[in-house]
Amino acid sequence: MSQAPTPPDLIDAISGLQPGTAMHALRHQREKVVAATQGSYDALFDPALPGLTLVERLLVALYAARLTPSAKLANHYRARLAVAGADAAAIAIAEQGTPADAADPRLRAMLTFTRTLIEKPIEGDMAALEALPAAGLTTPAVVTLAQLIAFLSYQVRLVAGLDALKALNDNAGAQA
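Following numbering that gives the first Met the number 0 from start to finish, the sequence shown increments by one per residue and tops out at 175.
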């Protein structure tokens, strides 16, 4: 399986931020944050990361992007899944189905936990956590999954915030 090339800065690419523009300059005022965001993405989607397969992490990412919703990120993760050779049925579940549609108990548990943390985080309690090892996830895999979901929530909000700022900026420019 080949790796999809990742742009130098995924958020800039997804948000259409071009060097030399005011929005790009605004985002890059804190270069440490830009680098940390891209570094987190690179680490969480490193094929060598143990515990969860790359395809499992990408399925969770597609599902999370769908739930939030973030069409731009969903498109990105769908494309990555295609390059990674993911099963079409699993992609369809992440894109349009429910966790209950997953025949694999491991994937079902991961998607259920993802939905819980995104839609009703207060329900992400001990019972929600205990369902993961019961489905075959190790403790390090559970930690990775929780970190991934937290990162995806941040990533979605960052893209949405940048899109909102761009729209505001575009509207202000159109009215001037």
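Glycine is no exception: its CB is placed at the ideal position from the N, C-alpha and C atoms.
None of these values were measured; they are calculated from a predicted model.
Residue i: CB within 6 Å of a non-hydrogen atom of the ligand SAM
| i | result |
| --- | --- |
| Thr20 | Within the structure as shown, the ligand SAM is missing, as the structure has no ligands at all. |
Close beta carbons around residue i, own chain, < 6 Å, minus the five adjacent residues each side
| i | result |
| --- | --- |
| Ala140 | Gly50, Leu51 |
| Leu183 | Nothing can be reported for residue 183: it is not among the residues displayed for the chain, which extend from 0 to 175. |
| Thr143 | Gly50, Leu51 |
| Asp8 | Gln37 |
| Gln95 | none |
| Leu177 | Nothing can be reported for residue 177, as the shown portion of the chain is limited to 0 through 175. |
Residue i and residue j closer than 7 Å at C-beta
| i | j | result |
| --- | --- | --- |
| Asp60 | Leu151 | According to the sequence displayed, residue 60 carries Ala and not Asp. In contact: Ala60 and Leu151 (Cβ atoms closer than 7 Å). |
| Pro46 | Leu53 | yes |
| Val158 | Thr67 | no |
| Val135 | Arg107 | Note on residue identity: the sequence assigns Gly, not Val, to residue 135. No. Outside cutoff. |
| Met22 | Lys119 | no |
| Leu147 | Leu43 | yes |
| Ile92 | Leu80 | no |
Minimum Cβ-Cβ distance from residue i to chain B less than 7 Å
| i | result |
| --- | --- |
| Thr67 | As a matter of chain content, chain B is missing from the structure shown, which is built from one protein chain. |
Endpoints, the alpha helix (DSSP H) within which residue i is located
| i | result |
| --- | --- |
| Phe112 | 104 to 118 |
| Ala12 | 9 to 14 |
| Ser39 | 30 to 43 |
| Ile90 | 87 to 95 |
| Pro132 | 125 to 133 |
| His27 | Segment: none, His27 is in no alpha helix (DSSP H) and carries neither H nor E. |
| Ala63 | 53 to 66 |
| Ala176 | Nothing can be reported for residue 176, as the shown portion of the chain is limited to 0 through 175. |
Cβ distance (whole Å) where residue i is taken to contact residue j below 8 Å
| i | j | result |
| --- | --- | --- |
| Met109 | Glu55 | 6 Å |
Neighbourhood of residue i by C-beta, 7 Å cutoff - its chain only, sequence neighbours within 5 removed
| i | result |
| --- | --- |
| Ala101 | Ile92, Arg107, Leu110 |
| Tyr76 | Leu57, Ala60, Leu61, Ala64 |
| Ala73 | Leu61, Ala64, Arg65 |
Contact set for residue i: own chain, Cβ-Cβ below 8 Å, skip 5 residues either direction
| i | result |
| --- | --- |
| Met0 | Residue placement at Met0 is flagged as unreliable, the pLDDT there being 48, under the threshold of 50; a coordinate-derived value is accordingly withheld. |
| His27 | Val33 |
| Ile10 | Leu16, Arg26, Val33, Thr36, Gln37, Gln154, Leu157, Val158, Leu161 |
Open item on the list: Whether or not the stretch 38 to 45 and the stretch 110 to 129 are in contact is what I'm after, with contact meaning three or more pairs of Cβ atoms, one per stretch, closer than 8 Å; do they touch?
Closed with: no
Open item on the list: Within 8 Å, do at least three Cβ pairs link the stretch 59 to 73 to the stretch 107 to 117?
Closed with: yes
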